[in-house]
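Accompanying notes for the structure given below.
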Amino acid sequence: MHPGSNTICAPVHQPGSAITIIRVSGPDSIDICDRIFIARRRGRLTREKGYTLVYGDIVNGEEVIDEVIISIYRAPHSYTGEDMVEIACHGSFYIQNTITGILASQGASPASAGEFTRRAFMNGKLDLSQAEAIADLIAADSGAAHRIAISQLKGGFSNEIAGLRSELLNLVSLLELELDFGEEDVQFADRNDLLSTVVRLRDYSGELAASFSIGNAVKRGIPTAIAGKPNVGKSTLLNGLLNEERAIVSEIPGTTRDAIEDTLVIEGVLYRFIDTAGLRHTEDIVERLGIGKTREKIALATIVILVTEAVQSAVEINREVRHFRRTMMPASASLIIVVNKADLAGEDHLETIKNEVITSDSTSLVVMSANRKDDYMVLKKALASASGLDRINETRVMITNARHYEALMKVSEATGRVVKGLETGLQSDLIAIDVRQAIHYLGEITGAITTDEILGNIFRNFCIGK
Ligand code: GDP
Numbered sequence: 004m005h006p007g008s009n010t011i012c013a014p015v016h017q018p019g020s021a022i023t024i025i026r027v028s029g030p031d032s033i034d035i036c037d038r039i040f041i042a043r044r045r046g047r048l049t050r051e052k053g054y055t056l057v058y059g060d061i062v063n064g065e066e067v068i069d070e071v072i073i074s075i076y077r078a079p080h081s082y083t084g085e086d087m088v089e090i091a092c093h094g095s096f097y098i099q100n101t102i103t104g105i106l107a108s109q110g111a112s113p114a115s116a117g118e119f120t121r122r123a124f125m126n127g128k129l130d131l132s133q134a135e136a137i138a139d140l141i142a143a144d145s146g147a148a149h150r151i152a153i154s155q156l157k158g159g160f161s162n163e164i165a166g167l168r169s170e171l172l173n174l175v176s177l178l179e180l181e182l183d184f185g186e187e188d189v190q191f192a193d194r195n196d197l198l199s200t201v202v203r204l205r206d207y208s209g210e211l212a213a214s215f216s217i218g219n220a221v222k223r224g225i226p227t228a229i230a231g232k233p234n235v236g237k238s239t240l241l242n243g244l245l246n247e248e249r250a251i252v253s254e255i256p257g258t259t260r261d262a263i264e265d266t267l268v269i270e271g272v273l274y275r276f277i278d279t280a281g282l283r284h285t286e287d288i289v290e291r292l293g294i295g296k297t298r299e300k301i302a303l304a305t306i307v308i309l310v311t312e313a314v315q316s317a318v319e320i321n322r323e324v325r326h327f328r329r330t331m332m333p334a335s336a337s338l339i340i341v342v343n344k345a346d347l348a349g350e351d352h353l354e355t356i357k358n359e360v361i362t363s364d365s366t367s368l369v370v371m372s373a374n375r376k377d378d379y380m381v382l383k384k385a386l387a388s389a390s391g392l393d394r395i396n397e398t399r400v401m402i403t404n405a406r407h408y409e410a411l412m413k414v415s416e417a418t419g420r421v422v423k424g425l426e427t428g429l430q431s432d433l434i435a436i437d438v439r440q441a442i443h444y445l446g447e448i449t450g451a452i453t454t455d456e457i458l459g460n461i462f463r464n465f466c467i468g469k
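If you're matching positions, the sequence shown starts at 4 in this note's numbering and goes up one per residue.
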């Protein structure tokens, strides 16, 4: 059946909450609900305008199932763009099940994962990248990931992309018109306009594609490794970081210790500690994995915390850092040198360390004691600045989605070829092929061009009820 032609329903929450919402969407949604609902003060639901709330009972024949509030939405002014009803009922599993059962018996089929959002997309309520942003918004577990999802949901880069795509469509149709004139030497498409649009697009898609590595890190957590010799305090440090965080996270019901152990949100940014198991069990990461394995693991990090001790001299620390850089350090990662156990050294010695340990733009120094709670502030600041994400805001467009990344890379390649073609006076028909390619991949991002396979992949990842 073509999506949108039938009526669907699903609860929006998991059972167990005090109140839940059951969504019904489709041409018969108001009619179906009207048949199983008795309003307390008003008449039939079918007579109500959109954006009306009605209080009453859901009934199954004579039996009252629950007291509910019903919200009416009239097409196209609803999430899906169809007629919709949302039934706010009590959250017990029994009530949810019974109401969805009665709805089904009246002709509303159970919605599949993401089906409401898929309909919203089909009805032009949002484009594909915005639909994907909704999935991200639900999954966002840090402030930074949330900010990116919100900016994408509000149109973010997809407006810009849709605009560039339609400019290109105009130009390519002029270009193709020229081809119809065959031998005659006519030019409808202004080559300068074409070049400037394509250059703009090439730069924009390249810039967006480049934001993927950081955007992806925001979404999945910035891979962070803690390295250093045995007994310098690596596990104490990690536990210290996690402990502080746990106090906050444990207030959220349902979060288990396991789930939060190796990821950690600091000032709105999610960090993912690489192979922290070895650390927590206070075994030495180097011994546990062997040097080769350790290097492989550390190579995945974009931030490395190298722990040393304040009992070492500045010269020794510099030597160790140099050695670490040569043997272990991933080229593009940021390094935080932690000089731990500051409580065991005198002021003068610490001062020398602060003055003489070599730092740079990508290398910072934190002198601290993993035993002292207050010292973690400085480490957290260093992490925030190493991540570069402390400066993220809604104005910086960023992509977090591998599908968009791949499409943007293709756009960037195709536009690169067009620019070269225009500069070298390549035949119009060959240029048109690459312009068409770019248009195609832009369309894949916003959903102007889709296949069932693409849509299936995207919406499968949604939850039921969204
Ligand atoms: P790892 O092998 O690098 O993981 O080191 P651990 O975290 O197991 O720490 C080794 C020892 O150093 C333990 O006895 C810790 O209590 C101690 N330690 C860790 N940090 C500090 C610190 O800042 N000051 C002092 N005095 N001892 C520390």
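The beta-carbon is built from N, C-alpha and C at its ideal position, and this holds for glycine as well.
Enclosing beta strand (DSSP E) for residue i [first to last residue]
i	result
Val235	No beta strand (DSSP E) holds Val235; DSSP gives it neither H nor E.
Asp69	66-76
Asp455	Here Asp455 belongs to no beta strand (DSSP E); instead the alpha helix (DSSP H) covers 455-463.
Ile151	Looking at the DSSP string, Ile151 is not in any beta strand (DSSP E); the run it does join, the alpha helix (DSSP H), is 146-156.
Leu368	366-370
Ser28	22-28
Residue interval of the alpha helix (DSSP H) (run including residue i)
i	result
Tyr444	431-449
Ile33	32-38
Asn100	96-108
Met380	379-390
Arg168	159-183
Ala304	Run containing Ala304: none; DSSP gives neither H nor E here.
Ala220	215-223
Leu411	405-426
Thr355	350-359
Straight-line gap, residue i to residue j (C-alpha atoms, nearest Å)
i	j	result
Gly127	Gly84	8 Å
Arg325	Leu309	11 Å
Ala389	Thr449	33 Å
Ser74	Ala212	41 Å
Asp31	Arg47	14 Å
Ala13	Phe184	56 Å
Ala348	Gln155	50 Å
Gly146	Pro226	17 Å
Ser161	Ser214	15 Å
Ser81	Arg194	44 Å
Asn246	Lys376	10 Å
Ile33	Asp86	7 Å
Gln17	Thr23	8 Å
Thr258	Ser176	Residue confidence for Thr258 is low, a pLDDT of 36 falling below 50, so the modelled location carries little weight and cannot support an answer.
Arg249	Ala143	Residue placement at Arg249 is flagged as unreliable, the pLDDT there being 49, under the threshold of 50; the coordinate-derived value follows with that caveat. Whole-angstrom Cα-Cα distance: 18 Å.
Ile151	Val400	8 Å
Ser169	Leu445	10 Å
Leu180	Gly459	36 Å
Leu433	Glu447	22 Å
Glu354	Lys413	53 Å
Asn242	Ala21	36 Å
Arg463	Ile457	10 Å
Closest Cα partner of residue i within the set the options
i	options	result
Leu386	Asp37, Phe124, Leu244	Leu244
Asp351	Val272, Asp364, Ala317	Ala317
Ile25	Gly19, Val422, Gln99, Gly64	Gln99
Leu167	Arg205, Gln109, Ser28	Arg205
Glu299	Pro333, Arg329, Gln109, Ser415	Pro333
Ile102	Ile356, Arg121, Glu70, Arg122	Glu70
Leu172	Arg150, Val201, Phe96	Val201
Met125	Ile90, Gly209, Ser8	Ser8
Ala230	Glu65, Thr330, Ile90	Thr330
Ala410	His443, Ala165, Ile90, Leu140	His443
Gly19	Glu51, His93, Ser28	His93
Val3	Ile356, Asp346, Val369	Outside the shown range of the chain, which is 4 to 469, sits residue 3, and nothing can be said about it.
Gly419	His407, Ser431, Ala441, Tyr408	Ala441
8 Å contact criterion, which residue i and residue j should meet: CB distance rounded
i	j	result
Thr311	Val341	7 Å
Thr453	Leu131	7 Å
Tyr207	Glu163	7 Å
Leu425	Leu178	Not a contact, Cβ separation roughly 11 Å.
Tyr76	Tyr54	7 Å
Lys469	Ile137	7 Å
Ala123	Ala134	7 Å
Asn343	Val235	6 Å
Contact check, residue i vs residue j, beta carbons under 8 Å
i	j	result
Ile277	Leu303	yes
Ser365	Leu338	yes
Gly224	Ile402	no
Ser112	Ile35	no
Asp437	Ala417	yes
Thr471	Asp60	Summary: the structure shown does not reach residue 471, with the chain confined to residues 4 through 469, and so no result is reported for it.
Ile320	Val381	no
Gly117	Phe465	yes
Ile105	Ala91	no
Min CB distance residue i to chain D below 8 Å
i	result
Asn234	Protein chains in the displayed structure number just one, and chain D is not present.
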